[in-house]
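*Asks:*
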Amino acid sequence: MYCSWACRANDRQHRLECPVIGRMGFLPERDEVRVMIRAILKLQQGFQPQMMTSLVEGGGEGDLVPTLQPRRRFADLLSHREDFIKDKDRMEDINTVYTEVEEFLGTDTPSFQDFLEILGRLYINGFEICNQSMETYGWGVYLGPSIMDHACQPTAQVSFQGCRLTVECVKEVGSLEELYISYCDTSLPTHIRKEKLFNNYFFDCICCKCTNSSRGNEQEKRKRNKGKK
């Protein structure tokens with residue numbers, strides 16, 4: 011069942027959610043709701059209740075990552091579930107998203123605990139899909155590339171051709187552990203970068219750029235305060 015002929019032509023991107031949207035007769039108003047519907051349906055497709063304890067273990071076979079075994083799967087991603095729970099404003103929004111997803115999925119809606127584990131993984135590990143002018147035209151989770159950690163002086167950068175993500179080294183690296191990308195605009199002042207990283211990803215950046223800049227700021231403060239009563 012398809013919701014339109016255009017949908018049928020684009021079956022690869024839309025086939026899982028199509029029966030749900032076709033039954034409702036309209037699209038979700040929130041992008042987050044549609045993303046969650048797609049993620050849940052994809053995970054349910056590979057979920058084996060006899061062998062798995064959580065829906066996050068479902069989905070496909072995962073991505074190959076150079077030098078690593080086994081494949082990287084959705085369950086391997088960090089969800090920061092406890093950090094989301096501590097944030098009252100975020101939890102209010104998450105509860106609203108859950109209610110709207112439930113309207114579309116009905117009895118196929120996972121438990122709130124599984125829902126939060128899925129949503130956390132999507133929020134923390136998602137990539138904004140941008141063109142060369144850095145204009146965002148999409149968003150997605152890439153299991154393999156999501157293994158790369160952050161640095162404000164990255165050793166690699168990502169680019170997109172349609173939905174295809176390419177990782178390109180900007181510095182010589184000797185191993186996967188030396189591969190870093192930036193999760194934010196590195197031209198921003200240190201305190202703003204650190205604030206954005208903590209608010210969006212729940213970590214305090216201690217990369218060389220942030221550490222040295224913070225130390226320099228403290229030294230400058232001490233100089234200005236020297237001699238003051």
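Quick note on this note's numbering: the sequence shown kicks off at 11 and runs consecutively. Ideal Cβ positions, reconstructed from N, Cα and C, are used throughout, including at glycine.
#1: If you draw a straight line from the C-alpha of Leu-78 to the C-alpha of Tyr-152, how long is it?
#2: With 16 other CB atoms within 10 Å as the buried threshold, where does Tyr-193 fall?
#3: Can you tell me where the beta strand (DSSP E) holding Val-180 begins and where it ends?
#4: At the level of alpha carbons, what is the spacing between Ile-202 and His-90?
#5: Could you please give me the residues that DSSP links to Tyr-190 through a beta bridge?
#6: Indicate the three-state DSSP secondary structure (helix, strand or coil) for Arg-33 in the structure shown.
#7: Evaluate contact between the region 163-182 and the region 198-216, counting only Cβ atoms and requiring at least three cross-stretch pairs below 8 angstroms.
#8: State buried or exposed for Val-43, treating a residue as buried only when at least 16 other CB atoms are found within 10 Å of its CB.
#9: If you run the structure through DSSP and keep just helix, strand and coil, what is Phe-84?
#10: Residues in its own chain within less than 6 angstroms of Leu-53 by CB, not counting five upstream and five downstream?
#11: Buried or exposed: which applies to Ala-49, given that a residue is buried once 16 or more other Cβ atoms fall within 10 Å of its Cβ?
#12: Determine the DSSP secondary structure at His-24, reduced to helix, strand or coil.
#13: Does the distance from the CB of Glu-71 to the CB of Arg-81 come in under 7 angstroms?
#14: Under DSSP, the alpha helix (DSSP H) around Thr-138 begins and ends at which residues?
#15: How would you label Ile-31, buried or exposed, when you count the other beta carbons within 10 angstroms and need 16 or more for buried?
#16: What are the start and end residues of each continuous alpha helix (DSSP H) run of 4 or more residues lying completely inside the region 69-118, in chain order?
#17: Just the C-alpha distance for Gly-116 and Ser-223, rounded to the nearest angstrom, thanks.
#18: Short of 6 angstroms in beta carbon distance, which residues of its chain neighbour Lys-206, apart from the five on each side in sequence? Order them along the chain.
#19: Taking C-beta to C-beta, are Leu-87 and Arg-131 nearer than 7 angstroms?
#20: Excluding five sequence neighbours on each side, which residues of the same chain lie with their C-beta closer than 8 angstroms to the C-beta of Val-183?
#21: Name the DSSP bridge partner or partners of Phe-57?
#22: If you reduce the DSSP assignment to three classes, tell me which class Tyr-211 lands in.
*Replies:* According to the structure data:
#1: Going by the C-alpha atoms only, they are around 16 angstroms apart.
#2: Buried is the call here.
#3: Run containing Val-180: none; DSSP gives neither H nor E here.
#4: The alpha-carbon atoms of Ile-202 and His-90 are separated by roughly 22 angstroms.
#5: Residue pairing by DSSP places Tyr-190 opposite Asp-159 in a beta bridge.
#6: Of the three classes helix, strand and coil, the one that applies to Arg-33 here is helix, per DSSP.
#7: Taking 8 angstroms as the limit for Cβ pairs, the verdict is that the region 198-216 does not touch the region 163-182.
#8: Counting Cβ neighbours within 10 Å, Val-43 comes out buried, since at least 16 surround it.
#9: DSSP places Phe-84 in helix when its eight states are reduced to three.
#10: Shown here for Leu-53: same chain residues with a beta carbon closer than 6 angstroms to its own, the five before and five after excluded, namely Leu-65, Gly-68 and Gly-69 in chain order.
#11: Counting Cβ neighbours within 10 Å, Ala-49 comes out buried, since at least 16 surround it.
#12: Three-state DSSP puts His-24 in a helix.
#13: Closer than 7 angstroms, so yes.
#14: Residue identity check: residue 138 is Glu in the sequence provided, not Thr. Not the alpha helix (DSSP H): Glu-138 falls in the beta strand (DSSP E), residues 136-140.
#15: A residue is called buried once 16 or more other Cβ atoms fall within 10 Å of its Cβ, and Ile-31 is buried on that count.
#16: Listed in chain order, the complete alpha helix (DSSP H) runs (minimum 4 residues) inside the region 69-118 are 91-96 and 98-115.
#17: For Gly-116 and Ser-223, the distance between alpha carbons rounds to 51 angstroms.
#18: Contacts found: Cys-194.
#19: In contact: Leu-87 and Arg-131 (Cβ atoms closer than 7 angstroms).
#20: Once the five neighbours on either side are set aside, the close Cβ partners of Val-183 are Thr-165, Ala-166 and Leu-189.
#21: Within the DSSP bridge table, the entry for Phe-57 names no partner.
#22: Residue state, collapsed to three classes: helix.
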